[in-house]
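Residue numbers (the numbering used here): 86 to 272. What follows is one structure encoded as structure tokens, with my remarks underneath.
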Amino acid sequence: VFCRMSLQNDLTRLEFGTFDAVCVHPTFFYESLWNFIGFVLINIFHRKRKYNGEILIWYFSWYGLGRTFIELLRTDSLMIGNIRVSAMLSFLLVLVLVPAEIILRKLHKQYTQEGLLAEGEITDIKTILTIFMNKKKSSVQVQRSEVPSQMEDKKENNDVMTSENKENHAEFSAESEEMKNGRKKEI
Numbered sequence: 086v087f088c089r090m091s092l093q094n095d096l097t098r099l100e101f102g103t104f105d106a107v108c109v110h111p112t113f114f115y116e117s118l119w120n121f122i123g124f125v126l127i128n129i130f131h132r133k134r135k136y137n138g139e140i141l142i143w144y145f146s147w148y149g150l151g152r153t154f155i156e157l158l159r160t161d162s163l164m165i166g167n168i169r170v171s172a173m174l175s176f177l178l179v180l181v182l183v184p185a186e187i188i189l190r191k192l193h194k195q196y197t198q199e200g201l202l203a204e205g206e207i208t209d210i211k212t213i214l215t216i217f218m219n220k221k222k223s224s225v226q227v228q229r230s231e232v233p234s235q236m237e238d239k240k241e242n243n244d245v246m247t248s249e250n251k252e253n254h255a256e257f258s259a260e261s262e263e264m265k266n267g268r269k270k271e272i
């Protein structure tokens, strides 16, 4: 069942070439109803969130999905060729956020099972991505450690510090700490 509204004014004559009433969809009503349903659903499920920012992703995904279809009902959309710009942008929003939500929830579940996050902990996106990047770096280091032993021997020889270098490093560190402490006292 679709609600229809009629427009009849001078603009209908110019826009549609008729003095009769022109029926259009009440897209503002559809959008209000869609957003209200989204508000209710998000409030029901907000306790199931796994990280801060997840509700924002839910909202933008829900809004983008509704907006995609509602824009197709409008008669005054911005068009580039045969494409409705608002519908396309809303659809792209959904295409980006839904997979992002799925990936972030899977990573959260994986890291909880591995003990990197506490069970039931609500974390943030930055923490999840930091763990992901650290795990990625460690896997790259493991791959690099599988280099032929000759190259490892050369690297170890270059990395060895002589006793003089160690003493110089210790003296320099001590002087740096003294200077920092002196500055803190002055301030």
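Using N, Cα and C, we set each Cβ at its ideal position, and we do this for glycine too. Quick caveat, the model's predicted, so the values are computed rather than measured.
Ordered along the chain, which non-local residues of its own chain (more than five positions away) have a Cβ less than 8 Å from that of glycine 138? Asp209 and Ile210
**OP:** Return the chain-ordered ranges of every alpha helix (DSSP H) run that is complete within the segment 125–197 and spans a minimum of 4 residues.
**Re:** 139–158
**Study point:** Nonlocal neighbours in the same chain, by C-beta distance under 8 Å from threonine 153, ignoring five residues either side
**Key:** Ala172, Ser175, Phe176 and Val179
Rounded to whole angstroms, what is the Cα-Cα separation between glutamate 199 and asparagine 219? 14 Å
- prompt: Candidates Tyr196, His110 and Ile122: which alpha carbon is nearest tyrosine 144's?
  reply: Ile122
| field | Proximity of isoleucine 140 and arginine 134 at Cβ, strictly below 7 Å | value | yes
CA-CA distance, tyrosine 196 and leucine 202?
6 Å
Look at isoleucine 213 and histidine 193 and say whether their C-beta atoms are less than 7 Å apart.
yes
Should threonine 112 and arginine 169 be called a contact, given that it needs their Cβ atoms to be closer than 7 Å? no
Quiz prompt | Close Cβ partners of glutamate 249 (< 6 Å) along its chain, the five nearest in sequence each way excluded | solution = Low per-residue confidence applies at glutamate 249: pLDDT is 48, beneath 50, and the placement is therefore not dependable, though the value from the model is reported in the following sentence. Around glutamate 249: no qualifying Cβ.
**OP:** Sort Ser117, Ile187 and Val109 by Cα distance to glycine 151 and report the nearest one.
**Re:** Ser117
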